[in-house]
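Here the structure comes first, spelled out in structure tokens, and everything after it is commentary.
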Amino acid sequence: AKYILYEDNVANKVTETIRKETDAKPLKFYNMESLNKEQQKKDNITYQSLMKSNIENIGKALDSGVKVKDDKAESKHDKAISDGYFKDEQVKDRELSDYAGEWQSVYPYLKDGTLDEVMEHKAENDPKKSAKDLKAYYDKGYKT
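Each residue of the sequence shown is one higher than the one before, starting from 1 at the first, in the UniProt record's numbering.
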């Protein structure tokens, strides 16, 4: 979860807008210079109790164990891979049982020429390899 620290003396509208935009959970941060009217009515509020609450909330907000899902970065990464852009070291041997769902090999498409246009496009972006070189390279990988 993500958190947003807010002060009572900041307009709720600002805090609420930021919270909604970032999908963050609000954590109260007490302003140590002044108390609001509600806080002034309470006899048990001390500087130490407010500071303790601040420390707990800051600790929670800064906890390195909190993982934030970055959908934009993840989808950008997934799109690059689905577009065929990945490093050799990202490819690992897998058991056939590791593949979930319905799938089929693209190897027949490489062999029948369906992917020739793709190889030509990739060759345009890689001056070191021709479409024929790329097809040979992918032949080895797709065959397995």
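Where is the CB? At the ideal position from N, CA and C, for every residue including glycine.
Where H121 and S97 are concerned, what is the direct C-alpha to C-alpha distance, given to the nearest angstrom? Residue 121 sits at position 121 when you count from the first residue of the sequence shown. Residue 97 sits at position 97 when you count from the first residue of the sequence shown. C-alpha separation (whole angstroms): 33 Å.
If you check the beta carbons only, do Y138 and M119 fall under 9 Å apart? Locating residue 138 in the sequence shown gives position 138, where the first residue counts as 1. Locating residue 119 in the sequence shown gives position 119, where the first residue counts as 1. Contact flag set, yes.
Quick check on the burial criterion: 16 or more other C-beta atoms within 10 angstroms. Buried or exposed for residue 145? Coverage of the chain is limited to positions 1 through 144, which leaves residue 145 absent and any answer about it impossible.
In angstroms, rounded to a whole number, what distance separates the CA positions of Y3 and I58? Looking up residue 3 in the sequence shown gives position 3. Looking up residue 58 in the sequence shown gives position 58. Y3 and I58: Cα-Cα distance of roughly 9 Å.
Cβ of K37 within 9 Å of Cβ of E7? The residue you call residue 37 lines up with position 37 of the sequence shown. The residue you call residue 7 lines up with position 7 of the sequence shown. For K37 and E7, no; Cβs fall outside 9 Å.
Beta-carbon proximity check, T17 vs P26, cutoff 9 Å: For the purposes of this step, residue 17 is taken as residue 17 along the sequence shown, with counting starting at 1. For the purposes of this step, residue 26 is taken as residue 26 along the sequence shown, with counting starting at 1. In this structure, P26 does not lie closer than 9 Å to T17 by Cβ.
Take the Cβ of L62 as the centre, count every other Cβ of all protein chains shown within 10 Å, and call the residue buried at 16 or more, exposed below. As a working mapping, residue 62 is identified with position 62 in the sequence shown. Flag for L62 reads exposed.
Per DSSP, which one or two residues make a beta bridge with L5? Counting from one through the sequence shown, the residue named residue 5 turns up at place 5. Looking at the DSSP assignment, L5 forms a beta bridge with L27.
Pick out whichever of N31, K128 and K60 has its Cα sitting closest to the Cα of M51. In the sequence shown, the residue the question calls residue 51 occupies position 51. Comparing Cα positions, the closest option is N31.
State yes or no: is the C-beta of D112 within less than 9 Å of the C-beta of A131? Your numbering for residue 112 matches position 112 in the sequence shown. Your numbering for residue 131 matches position 131 in the sequence shown. No. Outside cutoff.
Excluding the five sequence neighbours on either side, which residues of its own chain have a C-beta within less than 7 Å of the C-beta of K143, listed in chain order? The sequence position of residue 143 within the sequence shown is 143, counting from 1. So the list reads Y107, once near-sequence residues are dropped.
Distance, L5 Cα to S53 Cα: Here the question's residue 53 lines up with position 53 in the sequence shown. Here the question's residue 5 lines up with position 5 in the sequence shown. Those two C-alpha atoms are separated by around 12 Å.
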